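Student: This structure is in structure tokens; I'll ask about it shortly.
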Amino acid sequence: MAYLLALDQGTTSSRAIIFDEQGGIVNVAQKEFTQIYPQAGWVEHDPGEIWSSQLSVTVEALASARIAPDAVAAIGITNQRETTLVWDRKTGEPVYNAIVWQDRRTAGFCDQLRRDGVEPEVQARSGLLLDPYFSGTKLRWILDNVPGARQRAEAGELAFGTVDTWLIWNLTRGAVHATDPSNASRTMLYNIRTGEWDDELLRILGVPRAVLPVVRPSSGSFGATSHENMPGHIMVAGVAGDQQAALFGQACFTPGVTKNTYGTGCFMLMQTGTTPVASTNRLLTTVAWNTGGATEYALEGSVFIGGAVVQWLRDGLKIIRTAPEIEELAASVPDNGGVYLVPAFAGLGAPHWDAYARGAMLGLTRGVTSAHIARAALESIAFQVADLVSAMEADSGIRLEELRVDGGASKNNLLLQFQADLLGVPVIRPQVTETTALGAAYLAGLATGVYGSRGVIASQWKEDRRFVPSMAKEQAAEMRAKWTRAVARARHWEEA
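So that you can map any letter, position 420 of the sequence shown is 425 in this note's numbering, and since no number is skipped, the others follow by simple counting.
Here it is as structure tokens:
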């Protein structure tokens, strides 16, 4: 029996999951780490804590499962995307904290680039829109605000990477400075059509080429582990950003097949095959993965606040003690009581891309209870996903037939039923919902011969539960119309 080890480095925790050849979970270890908020709109992580937490759960998962390192065929890495790190090539010491994908500090610079008229060129080359979300402007901020960083970067003394690159660097003790196309395509520095770092994008964003990692196929060799605390020497053979990994783990191998991940944010990807589809509805065109010498693409819509709205109810409003309690509380009332919650705590993502939107709760009356607010919070997740589906169908010309779902909030039956009601199509939860980690494991297994083909992987995908629409289309349309009005109120709240 060969095992595959997935390192799943997320926004709030680091996890290690061991899978068997059939895609079954053998063992899981998880550790949360600190979220740093230096000022409003800024979000950072300690790079050392990212690495130490990932290393500790990796060692723990192997030890508690009593699996020898030589029984692990390969490691697959999946990671929070766009989060930006810069470190010294000689010492491996970061020059600044990791700037997280949620961070909005570069909104003003993005506005200036938009006024300069470069967004069409940026979108044509990178597939992305000008937004603080992506790595390029975060990297520029570090180079411009850390004393001496730009000069050191231009001299080749500093290395840039997204989280996958940081983990690979540490796992190989600095021997490999690399990323894969799925992560590179989220930096706004990578040309998704040529498959290379783009000189014009580097010029626009003011980034020296010397800091960039090598781009290797998503399924292939990224070196072997050699850290003194890692048992054995295990090949790192699969790398993909978390959402692309989930697309792979959901076996979305043919154009039109779509998945949505309900995590801290919500992320919907539709596989579009070997041709990138340009969006006219403010979606992103992204690399899905590169395997077997071929690059495949996806349309993506990103929602900044998905499951995080539940954390806000727990930690901010304190109307629930634990996240799972929200389902029972929301189900205790038959509807939202006329309440619509727009969780634009960090602006709005696709298809609005409004960095200046802020959260709003509308329709409040004296009859509203915490249960109505809980239900409105859950429904806000589904409404945002429905907006993505509408944009995706318009761009691709493909009518959605079903939606495959995963992520922590996909355990919430009330949410998934409401999602099916809004979309008017079945919503399907697979038996294994750890599809992000599973996708990374599959990519590693494909590279090392554990799986002979993607067809073998596709045969392992199985349904757990299918949620069929039960709401009248007229009612769903009326609710979506009210949601649209609520979003309009939340937009452009802050001054540019």
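Every residue gets a Cβ at the ideal spot worked out from N, C-alpha and C, and that includes glycine.
Keep in mind the model is a prediction, meaning the values are calculated, not measured.
(1) What does the Cβ neighbour count give for M6, buried or exposed, with the cut at 16 atoms within 10 Å?
(2) Cutting at 8 Å between CB atoms, please list the residues of its own chain near L289, excluding the five before and the five after it.
(3) Kindly indicate which residue of M366, L172, Q249 and V219 has the alpha-carbon position closest to the one of S187.
(4) Buried or exposed for R145, going by 16 or more other Cβ atoms inside 10 Å?
(5) Taking only runs that begin and end inside the stretch 339-422, name each unbroken beta strand (DSSP E) of 3 or more residues, in chain order.
(6) Going by alpha carbons, who is nearest to W106 out of G81, C115 and P137?
(7) My guess is that G246 and T83 are in contact by the Cβ rule of under 8 Å, so how many angstroms apart are they, rounded?
(8) Note down, in chain order, each residue of its chain lying with its Cβ closer than 8 Å to the Cβ of E201, except the 5 sequence neighbours on either side.
(9) CB-CB under 6 Å to F38, same chain, minus the five flanking residues each way: which ones, in chain order?
(10) What does DSSP give as the partner residues of H50 in its beta bridges?
(11) Sort A362, T374, S375 and D400 by Cα distance to E500 and report the nearest one.
(12) Alpha carbon to alpha carbon, how far is P435 from Q465?
(13) Classify D93: buried if its beta carbon has 16 or more other beta carbons within 10 angstroms, exposed otherwise.
(14) Could you give the residue range of the beta strand (DSSP E) that holds N32?
(15) Return the CA-CA distance between L503 and G141, expressed in angstroms with no decimal places.
(16) Do F423 and W488 have their C-beta atoms within less than 8 Å of each other?
(17) Measuring only the C-alpha atoms, how far is T111 from K143?
(18) At the level of alpha carbons, what is the spacing between S226 and E49?
(19) Judging by CA-CA distance, which residue of N265, C271 and T296 is the nearest neighbour of G278?
(20) Taking T96 as the reference, which of R109, A445 and A180 has the closest Cα?
(21) Using a Cβ-Cβ distance under 8 Å, would H238 count as near chain B?
(22) Identify, in the order they occur along the chain, each residue of the same chain with its Cβ nearer than 6 Å to the Cβ of M240, setting aside the five sequence neighbours on each side.
(23) Identify the continuous beta strand (DSSP E) that holds A245 and give its terminal residues.
(24) Alpha carbon to alpha carbon, how far is G211 from S475? Give it in angstroms, no decimals.
(25) Give, in chain order, every unbroken run of the beta strand (DSSP E) that is at least 3 residues long and sits entirely within the stretch 410-497.
(26) Exposed or buried, E384, counting other C-beta atoms within 10 Å across all chains shown (16 or more means buried)?
(27) With distances taken between CB atoms, is the gap from R119 to G46 smaller than 8 Å?
(28) Grab me the residues of A103's own chain with a C-beta within less than 7 Å of its C-beta, minus the 5 sequence neighbours each way, in chain order.
(29) Applying the 10 Å Cβ sphere with the 16-neighbour rule, what's the burial state of L322?
(30) Shortest alpha-carbon distance to A11 belongs to which of I41, L67, Y42 and Q40?
Tutor: According to the structure data:
(1) Around the Cβ of M6, a 10 Å sphere holds fewer than 16 other Cβ atoms; the residue is exposed.
(2) Non-local beta-carbon contacts of L289 in its own chain, meaning distances under 8 Å to residues more than five positions away in sequence, involve G132, L133, L134, L304, E305, G306, S307 and A355 in chain order.
(3) Nearest of M366, L172, Q249 and V219 to S187, Cα basis: Q249.
(4) A residue is called buried when at least 16 other Cβ atoms come within 10 angstroms of its Cβ; R145 meets this threshold and is buried.
(5) List check, beta strand (DSSP E) in window: 345-347, 365-367 and 408-411.
(6) Comparing Cα-Cα distances from W106 to each of G81, C115 and P137, the minimum goes to P137.
(7) Yes, G246 and T83 are in contact; Cβ-Cβ is about 7 Å, under 8 Å.
(8) Result list for E201: Y195 and V220, in chain order.
(9) Excluding positions up to five away in sequence, the list reads E54 and S58.
(10) Beta-bridge pairing links H50 to A103.
(11) Residue A362 holds the alpha-carbon nearest to the alpha-carbon of E500 among A362, T374, S375 and D400.
(12) Near 10 Å, if we compare the C-alpha coordinates of Q465 and P435.
(13) Under a 10 Å Cβ-count criterion, D93 is classified as exposed, with fewer than 16 other Cβ atoms of the shown protein chains found around its own Cβ.
(14) Unbroken beta strand (DSSP E) run through N32: I30 to E37.
(15) In the structure as shown, the chain begins at 6 and stops at 501. Residue 503 is therefore absent and cannot be evaluated.
(16) No.
(17) If you draw a straight line from the Cα of T111 to the Cα of K143, it comes to about 7 Å.
(18) Near 30 Å, if we compare the C-alpha coordinates of E49 and S226.
(19) Measuring from the Cα of G278, the nearest candidate turns out to be T296.
(20) Scanning R109, A445 and A180 for the CA closest to the CA of T96 turns up A180.
(21) Included in the structure is just one protein chain, with no chain B present.
(22) Take M240, set aside five residues on each side of it, and the residues of its chain with a beta-carbon closer than 6 Å to its own are A79 and A229, in chain order.
(23) It spans V241 to G246 - the beta strand (DSSP E) in which A245 sits, taken as one unbroken run.
(24) Rounded to the nearest angstrom, the two C-alpha atoms are 52 Å apart.
(25) Unbroken beta strand (DSSP E) stretches of 3 residues or longer found wholly inside the stretch 410-497: 432-435 and 468-472, given in chain order.
(26) So E384 ends up on the buried side.
(27) Contact annotation: R119 and G46 have beta-carbon atoms that are not nearer than 8 Å.
(28) Same-chain partners within the cutoff: E49, H50, P52, I55, T88, T89 and L90.
(29) The residue is exposed, with fewer than 16 neighbouring Cβ atoms inside 10 Å.
(30) It is L67 whose Cα lies nearest to the Cα of A11.
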